[in-house]
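Working notes, beginning with the structure itself.
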Amino acid sequence: KEEISEKDRKVKGLSVNLLDHQVHGLKFLRKRERDKVIHKGGMLCDDMGLGKTVQTIALIVKNRPNEEDLKSNEDLEDEEIQPLNKKVPLRKFRGTLVICPVSLTTQWFQEIKRFAPHLKPFLFHGPKRPSNYKDLLEYDVVISSYDTIRSEYLKDKSPIYEGYWHRVVLDEAHTIKNKKSKTAIATYNVESLRRWCLTGTPIQNSIDELQSLFMFMRVSKYSDNHLWSTVISKLLKSKKSDKAFVLLKKELQEFMLRRTKSILQSTNFKLPAKNIHRCEIEFTEMEDELYNNLKNHFVRSLEDQFDNISAGGLSKPSNEPGVLFQRLSPSKLGGSRTNDKTFYMCALVYLLRLRQVCCHWKLLSDLTDDDLEDLNMSSAVVRPNQANVSPSKRDMDLAAELDDITNFMTSLTVKDTKCEICFKEKVQEDQKVCKKCQDKIDQNQKYEGSKVLKLIEILKKDPKRKTIVFSQFRELLMLVGPILSSHGIKYVNYDGKMNLKQKDKALDTLRNDPETTVLLCSLKSGALGLNLTVASQVVIFDPWWNPQIQEQAVDRVYRIGQTREVDIYEFAIKDSVEIEILKLQDQKRNLAKAITDNDNVAKNKLFEKLSEGDLIKLFGIK
Numbered sequence: 091k092e093e094i095s096e097k098d099r100k101v102k103g104l105s106v107n108l109l110d111h112q113v114h115g116l117k118f119l120r121k122r123e124r125d126k127v128i129h130k131g132g133m134l135c136d137d138m139g140l141g142k143t144v145q146t147i148a149l150i151v152k153n154r155p156n157e158e159d160l161k162s163n164e165d166l167e168d169e170e171i172q173p174l175n176k177k178v179p180l181r182k183f184r185g186t187l188v189i190c191p192v193s194l195t196t197q198w199f200q201e202i203k204r205f206a207p208h209l210k211p212f213l214f215h216g217p218k219r220p221s222n223y224k225d226l227l228e229y230d231v232v233i234s235s236y237d238t239i240r241s242e243y244l245k246d247k248s249p250i251y252e253g254y255w256h257r258v259v260l261d262e263a264h265t266i267k268n269k270k271s272k273t274a275i276a277t278y279n280v281e282s283l284r285r286w287c288l289t290g291t292p293i294q295n296s297i298d299e300l301q302s303l304f305m306f307m308r309v310s311k312y313s314d315n316h317l318w319s320t321v322i323s324k325l326l327k328s329k330k331s332d333k334a335f336v337l338l339k340k341e342l343q344e345f346m347l348r349r350t351k352s353i354l355q356s357t358n359f360k361l362p363a364k365n366i367h368r369c370e371i372e373f374t375e376m377e378d379e380l381y382n383n384l385k386n387h388f389v390r391s392l393e394d395q396f397d398n399i400s401a402g403g404l405s406k407p408s409n410e411p412g413v414l415f416q417r418l419s420p421s422k423l424g425g426s427r428t429n430d431k432t433f434y435m436c437a438l439v440y441l442l443r444l445r446q447v448c449c450h451w452k453l454l455s456d457l458t459d460d461d462l463e464d465l466n467m468s469s470a471v472v473r474p475n476q477a478n479v480s481p482s483k484r485d486m487d488l489a490a491e492l493d494d495i496t497n498f499m500t501s502l503t504v505k506d507t508k509c510e511i512c513f514k515e516k517v518q519e520d521q522k523v524c525k526k527c528q529d530k531i532d533q534n535q536k537y538e539g540s541k542v543l544k545l546i547e548i549l550k551k552d553p554k555r556k557t558i559v560f561s562q563f564r565e566l567l568m569l570v571g572p573i574l575s576s577h578g579i580k581y582v583n584y585d586g587k588m589n590l591k592q593k594d595k596a597l598d599t600l601r602n603d604p605e606t607t608v609l610l611c612s613l614k615s616g617a618l619g620l621n622l623t624v625a626s627q628v629v630i631f632d633p634w635w636n637p638q639i640q641e642q643a644v645d646r647v648y649r650i651g652q653t654r655e656v657d658i659y660e661f662a663i664k665d666s667v668e669i670e671i672l673k674l675q676d677q678k679r680n681l682a683k684a685i686t687d688n689d690n691v692a693k694n695k696l697f698e699k700l701s702e703g704d705l706i707k708l709f710g711i712k
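Letter by letter, the sequence shown follows residues 91 to 712 in our numbering.
Below is the structure:
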């Protein structure tokens, strides 16, 4: 272990001293940029909360462009890295371009001003952003969002694409995990020799996500699609996954640095304790009846789908879980059989409904746009055969497809002549529930729901303690807010529907108003990069398919700068679909650890897949 001196901790121009692991991190970053290779970047994949931002700012301060950098034509003459879509003469930019989620743009700006006050940052965001590249030349750091970069890429001319940046940094780089997305393609086309990915979760769902990062960085031979598919993908699909892991780890060792929070144990710096409480909450009698009615109805509906498929000429499958699993396989979504596709979409909607009931029975309404996004049906992808289609034409085609999908998904909601709760009594055409069930609802209108009652119980234990409540359902957060107010608990909201100014105001209120103790936060909006160490308590109201997003959310609170013990409450309804989702989370955690960490136990567990029968439990079928 290399000794770290006080001199090593100090970086001229940086207002804070670096911690031991940050000193090592800066040395790694500087070494990669000094290497005698064309592309000089890599991946900083430290655990969330270990200071990837401050290490990057230290790099910007320490490795500023010199006259030789600005005069060199090495990058301009390399045919491999000419821009793919912009026919413009390239200039040298002395600045670093930071691309991050829109919610982090202000935080990046503020932290640069705080940690390196002599640097000149600029927010490239909003309708009044400059269109002339000369307006960007005076800045040391230009900060923009993924959405803005995607929008700039689709223009005929953009200052972002008119020059070679001294460095380009993707924060929360897993945002580009889909290599066919417009966002990923836009980042690939930003030109720079020094290309960095910052992410605590380089793998979230699939090993294939790594290739998109490789394609952006241009540092790995596996950025080539043909090589990836003929070597890595082929090994993963065969019984030689171990060999793929070995090849990827060997490749990553060259340009990836990853440390977990355990690195702090070897230094004098220690984080306070983190306590995880998994709360299995029981339904009330009314909620239990509603959930089981829905589950039974959905199972019968799926069985009816089998009958329809059989009528279409396919042999009718048995009721064995293995056969059902094959029908529910996501690979069927891209298949040629319309009925299989319909079946899979129905299953997704039904799962969504059961998850909503677990949160609060009042969420049972027509599908919203947020619900469709939750089903991952609204993810625009660029097909290989569209490579030569203009971006504007491609967007119109995708928009049309999304409209079709939206209409189709909405048509799958539970709407028939029977009560939507008991599925027994018939109702009038303009009604949704029968009189018997409506009477039950009327009696329970003031009932707050099992999970909400548990939340209030936790909040009242320590009324002055600041708490972040995460949920994937915005409508749920809108419902919970007034209930908290009725109990005298002051809160603010933070979600994707708010603009940047509203988000910044919400965070400022939480940090500076002692009376505001709760932030009701959309999981997808608040899981990325925010520093919320003012809070010391987190409630995950509903489990999300991707455990990495949940862990990112927790690390908004549990990170360097946290001085108090942190409590994490994970809510799940007992004997429900949510318990099965937690099992799927464990499998995905093992996948990520097997590749990025030296974790042989996780690697072994990766191949102990959940049985098909376990997966079928998601649909309430045993």
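We treat Cβ as the ideally placed atom computed from N, Cα and C, and that holds for glycine.
As the structure is a prediction and not an experimental result, all values here were calculated from the model.
*Inter-residue Cα distance where the pair is N800 and N268*: Residue coverage of the chain in this structure runs from 91 to 712, which leaves residue 800 outside it and unanswerable.
*Indicate the three-state DSSP secondary structure (helix, strand or coil) for T240 in the structure shown.*
Checking the sequence shown, residue 240 turns out to be Arg, not Thr. Note: R240 maps to helix in three-state DSSP.
*Minimum length 4: unbroken alpha helix (DSSP H) runs contained in the stretch 185-253*: 195-205 and 236-243
*asked:* Does D332 come out as helix, strand or coil in the three-state DSSP assignment?
replied: helix
*What does DSSP give as the partner residues of Y581 in its beta bridges?*
V608
*Taking just the CA atoms, how far does V439 sit from S540?*
23 angstroms
_Among the candidates I671, I663 and I658, whose CA atom is the shortest distance from the CA of K364?_
I658
*CB-CB under 6 angstroms to C611, same chain, minus the five flanking residues each way: which ones, in chain order?*
I558, F560 and Y584
*Considering only residues of the same chain and omitting the five flanking positions on each side of L108, which have a CB-CB separation below 6 angstroms?*
R99
*Can you say whether D632 is buried or exposed, counting buried as having 16 or more other CB atoms within 10 angstroms of its CB?*
buried
*To the nearest whole angstrom, what separates the beta carbons of I189 and L260, a pair I think is in contact under 8 angstroms?*
5 angstroms
*I think L566 touches H387, with their Cβ atoms under 8 angstroms apart; what is that distance to the nearest whole Å?*
Going by Cβ atoms, the distance from L566 to H387 rounds to 22 angstroms, so no, they are not a contact pair.
_Pairwise C-alpha distance: F199 and V624_ = 19 angstroms
*Residues bridged to K364 [DSSP beta-bridge criterion]*: V656
*Figure out for me which residue from H577, R564, C524 and Q562 has the closest Cα to the Cα of L549.*
H577
*Residue from G586, L597, R601 and D552 with nearest C-alpha to I579*: The option with the nearest alpha carbon to I579 is D552.
_Cβ shell of A263 (< 7 angstroms), same chain only, five flanking positions each side left out_ = Sequence-distant partners of A263 (beyond 5 residues in either direction) whose C-beta falls short of 7 angstroms from its own C-beta, in its chain, are C287, L288, T289 and L303.
*With a cut-off of 8 angstroms, do at least 3 Cβ pairs link the stretch 661-679 to the stretch 365-383?*
yes
*Would you mind working out which of Y243, S615, K327 and D314 sits nearest I275, comparing C-alpha positions?*
Y243
*asked:* Can you list, in chain order, the residues of its chain with a C-beta nearer than 7 angstroms to that of L325? Leave out the 5 residues immediately preceding and following it.
replied: S331, K333 and A334
*Would you identify the three-state DSSP class for W286, choosing helix, strand or coil?*
strand
*Assuming V608 and Y648 make a contact with CB atoms under 8 angstroms, what is their CB distance in whole Å?*
About 18 angstroms separates the two Cβ atoms, so there is no contact after all.
*Between M568, M346 and R445, which lies nearest to E670 when the distance is taken from Cα to Cα?*
R445
*Given a threshold of 16 other Cβ atoms within 10 Å of its Cβ, counted over all protein chains shown, does V309 qualify as buried or as exposed?*
buried
*What residue does the beta strand (DSSP E) around L134 start on, and which one ends it?*
According to the DSSP assignment, L134 belongs to the beta strand (DSSP E) that extends over G132 to L134.
*9 angstroms Cβ cutoff met for P719 and V231*: Only positions 91 to 712 of the chain appear in the structure, and residue 719 is not among them; the question remains open.
*What number of angstroms, rounded off, separates the C-alpha of K38 from the C-alpha of K224?*
Since the first and last residues shown for the chain are 91 and 712, residue 38 lies out of range.
*asked:* Let me check understanding here. Comparing Cα to Cα, which of H129, D136, G185 and G132 lies closest to P155?
replied: G185
*On the DSSP bridge assignment, give the partners of C369 in chain order.*
F661
*What is the DSSP secondary structure of N466, counted as helix, strand or coil?*
Residue confidence for N466 is low, a pLDDT of 44 falling below 50, so the modelled location carries little weight; the figure read from the coordinates is stated next. Reduced to three states, the DSSP call for N466 is coil.
*Who does F560 pair with in a DSSP beta bridge?*
Answer by DSSP bridge pairing, in chain order: C611 and I630.
*asked:* Threshold first: 4 residues or longer. Then list the alpha helix (DSSP H) segments lying entirely within the stretch 290-346, N to C.
replied: 299-307, 324-327 and 331-345
_Using the three-state DSSP reduction, which class does D645 fall into: helix, strand or coil?_
coil
*asked:* Determine whether the beta carbon atoms of S724 and K593 lie at a separation below 9 angstroms.
replied: Because residue 724 is not part of the residues shown, which for the chain are 91 to 712, the question remains open.
*Let me know if S282 comes out buried or exposed under the rule of 16 or more other beta-carbons within 10 Å of its beta-carbon.*
buried
*Which residues in the same chain have their Cβ closer than 6 angstroms to the Cβ of E299, if we skip the five residues on either side of it in sequence?*
K267 and I293.
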